[in-house]
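Numbering (mature numbering (1 follows the signal peptide of the UniProt record, and there is no 0)), first residue to last: -20 to -1, 1 to 441. Even glycine gets a Cβ: it sits at the ideal position worked out from N, Cα and C.
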Amino acid sequence: MTVWRRAAFGLAAMTLASCAGPMADVVNKRSDPAVQLSAMKTFQSPPPTKGVARSNVDVFEEFLDLTFALESGQDLSRLSRFEGPITVALVNVSSPVVGQDLDRLIQRLRSEANIPISRVQTAAAANIVIEMVSKRQLRRAAPTAACIVVPRMSSWADFRKNRFNRRADWTSLEVRSRAAVFMPRDISLQDARDCLHEELAQAIGPLNDLYRLPDSVFNDDNFHIVLTPYDMMILRAMYAPELQSGMAKHEVAAVLPRILGRVNPEGVGLAPRQIQETPGSWMRKIELALGPDASERTRIEAASDAVRIAQQLGMTDHRLGFSYYARARVNASANGAEAAADYARAYASFSTIFGPYDIHTAQAGLQMASLAMSSGEFRQALQFIESGLIAAKTAQNGRLMFSLLAMKSEIYKLAGRTNEATALREEAIAWGQYGIHPPGEINKRLGIIANLPPRLPQKES
């Protein structure tokens, strides 16, 4: 194998290893003692709280777009929210860790968004029921969704009975009183936490996603997976006393500047960026490229179209970087050289916009590190890894922590730093138990990473 062919192999492998969902079911079923002995790591503390350094002129438009439309593009004529205290119940929980993550999320919503929300023990007493079902059940109901939120429902049985009638229609809702979140129980604990954050936020807050938001869970690019300071600011504004369910868009717009001045004082007086709305043609191409149904060739073509549209329309923000990133992901197996070039473009775009310690940069940096390792450029790989670890910890991405720590362990092992390599590997496994499912998948990914560095040819005896 040439170095470049090894790099292409490593790129394809690490692209798979960094995907949000589990890889194909070809897991080595043999247990690994290290996997069994490493205690799971989870994120105990909330992300750093801070103001949002964005003009409130921009936030004004974003708030209205988030709250007066659905992800489908359908307009909402009235604001809807819960009025009064909100109670949440967790049903059919797969692990105590899910409940702990929910408790931490509820505490953040209370302290950062000033929402009167609490957890109760029974579904009958809850405004919002979070029920865990099998992945197979969820796919039958919503083939493309990782998890779903529906209004006016209280159980999976209730949803199955009423999902095609008006009860499940958000557009007919004026005041929210009940909602249900359904999420798979046979997924990683990190994926379960991610569902809690996104779906509970939509159950109580905005129902739309906007690709133009660089720092939000309300964005289908899935870089941010826990609620950010921006998201908490939006939720705090949505539950401001000046607003109430049933208000029309122009009524909300009339009082929103005053609300934003209070909940985001950092945004007062800042010059607006006025990022253009995301064109539907670009969104359709991105969703086709990253969706589950199209052939590899169709996905590559769609991703290339997304890059072209972004370039032609002058989308020089993070959406251009995401276009390169998406094309690299779908092209990694078919053309490693082109994918590597696109990952480099994505990394350059993200690092220019966000700096080296942002989650966008870190996700592209993981791929750059794998390329550097495959080429034997270990010092360069460590630079990508070290900055990526800072970003992964801040963004609370245990799966990314696993990959980066495992790569760092492999580099240290090759450098003869055996004790440090062992400690890093054990830490990686501990994060893997939170971020990866099923557990045997950890072994497979460790094997992929161990095969990244070029091997010296064996001497003939």
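Would DSSP call residue i helix, strand or coil?
i           : result
GLU154      : coil
VAL235      : helix
PHE62       : strand
LYS424      : helix
ARG132      : coil
LEU17       : Confidence in LEU17 is poor, its pLDDT being 48 and thus under 50, which makes the residue's placement too unreliable to answer from.
THR67       : strand
ASP174      : helix
PHE23       : coil
VAL73       : coil
ALA228      : strand
ASP81       : helix
residue 470 : Residue coverage of the chain in this structure runs from -20 to 441, which leaves residue 470 outside it and unanswerable.
ASP55       : strand
TYR219      : coil
GLN343      : helix
ASP189      : coil
ASP211      : helix
LYS30       : coil
LEU250      : coil
GLU179      : helix
GLN291      : helix
Comparing alpha-carbon positions, which option in the options lies nearest residue i?
i      : options                        : result
ARG165 : ALA314, ARG119, LYS141         : ARG119
MET133 : ALA125, LEU351, GLU111, ILE167 : GLU111
GLY247 : TYR210, PHE302, ARG359, PRO221 : TYR210
GLY64  : ILE184, GLY53, VAL197          : ILE184
ALA121 : ALA105, ILE108, ALA103, LYS141 : LYS141
MET263 : GLU179, ASP273, ARG253, ARG192 : ARG192
CYS175 : GLU222, PRO221, PRO194, ALA125 : ALA125
LEU82  : ASP45, LEU190, VAL232, THR22   : THR22
GLY31  : VAL77, PRO419, ILE128, THR208  : THR208
SER60  : MET227, SER25, PRO123          : MET227
LEU268 : LEU250, VAL206, ASP200         : ASP200
GLN376 : MET20, SER25, ALA19            : SER25
SER225 : GLY53, ARG58, MET295, GLY415   : ARG58
ASP189 : SER52, LEU293, PHE364          : SER52
ALA290 : PRO252, SER329, HIS417         : SER329
ILE205 : GLY427, ALA349, ARG359, GLY378 : GLY378
LYS115 : ALA349, ARG397, ASP297, SER74  : SER74
ILE66  : VAL78, SER35, ALA103, ARG325   : ALA103
ALA159 : PHE62, VAL232, ILE416          : PHE62
Please work out which residues of its chain come closer than 8 Å, Cβ to Cβ, to residue i, disregarding the five sequence neighbours upstream and downstream, and give them in chain order.
i      : result
GLU276 : VAL310, SER313, ALA314
THR374 : PRO27, PRO28, TYR337, ILE339
LEU56  : THR47, PHE48, ALA49, LEU50, TRP150, THR151, LEU187
CYS127 : LEU118, VAL161, PHE162, MET163, PRO164, CYS175, GLU178, GLU179
ARG88  : PRO26, LEU207, MET212
LEU404 : LEU385, ALA386, LYS388, SER389, TYR392
ASN72  : GLU111, MET112, VAL113, ARG165
SER441 : Residue placement at SER441 is flagged as unreliable, the pLDDT there being 42, under the threshold of 50; the coordinate-derived value follows with that caveat. Around SER441: no qualifying Cβ.
ILE333 : PRO194, ASP297, HIS298, GLY301, HIS340
In terms of residues, what are the limits of the beta strand (DSSP E) holding residue i?
i      : result
PHE203 : Careful: PHE203 lies outside any beta strand (DSSP E) and carries neither H nor E.
SER98  : 97 to 99
ALA160 : 159 to 164
ILE110 : 108 to 113
Need the endpoints of the alpha helix (DSSP H) that residue i sits in, please.
i      : result
ILE333 : 316 to 334
GLU267 : 260 to 270
VAL37  : 36 to 47
ALA371 : 358 to 375
ASN399 : 398 to 415
GLU390 : 378 to 394
PHE302 : 298 to 311
For residue i, I'd like the list of residues in its chain whose CB is within less than 6 Å of its CB, leaving aside the five on either flank, ordered along the chain.
i      : result
ALA342 : GLY368, ALA371, ALA372
VAL287 : SER303, ARG307
GLY356 : PRO434
ARG99  : VAL68, ILE86
VAL235 : GLU222
GLY1   : With a pLDDT of only 37 at GLY1, under 50, the local geometry of the prediction cannot be trusted, and no value is derived from it.
ILE167 : HIS417
Which residues in the same chain as residue i place their Cβ atom closer than 7 Å to its Cβ, once the five residues preceding and following it in sequence are excluded?
i      : result
ALA401 : SER389, TYR392, LYS393
GLN254 : ASP38
ARG146 : SER152
ASP12  : Here the model assigns ASP12 a pLDDT of 47, short of 50, so the residue's position is not dependable and the matter cannot be decided.
PRO272 : THR124
Does the pairing of the stretch 230 to 241 with the stretch 249 to 261 give three or more beta-carbon distances under 8 Å?
no
Three or more C-beta pairs below 8 Å linking the stretch 299 to 307 and the stretch 270 to 287:
yes
Could you tell me whether the stretch 37 to 53 touches the stretch 424 to 434, using the rule of 3 or more Cβ pairs below 8 Å?
no
Are there three or more Cβ pairs, one per stretch, closer than 8 Å when the stretch 126 to 145 is compared with the stretch 83 to 95?
no
Tell me, please, whether the stretch 318 to 330 touches the stretch 206 to 220 by the rule of three or more beta-carbon pairs shorter than 8 Å.
no
Check whether the stretch 149 to 156 and the stretch 165 to 180 are in contact - that is, three or more C-beta pairs closer than 8 Å.
no
Below 8 Å, how does it come out for the stretch 375 to 391 and the stretch 406 to 422: are there three or more Cβ pairs, yes or no?
yes
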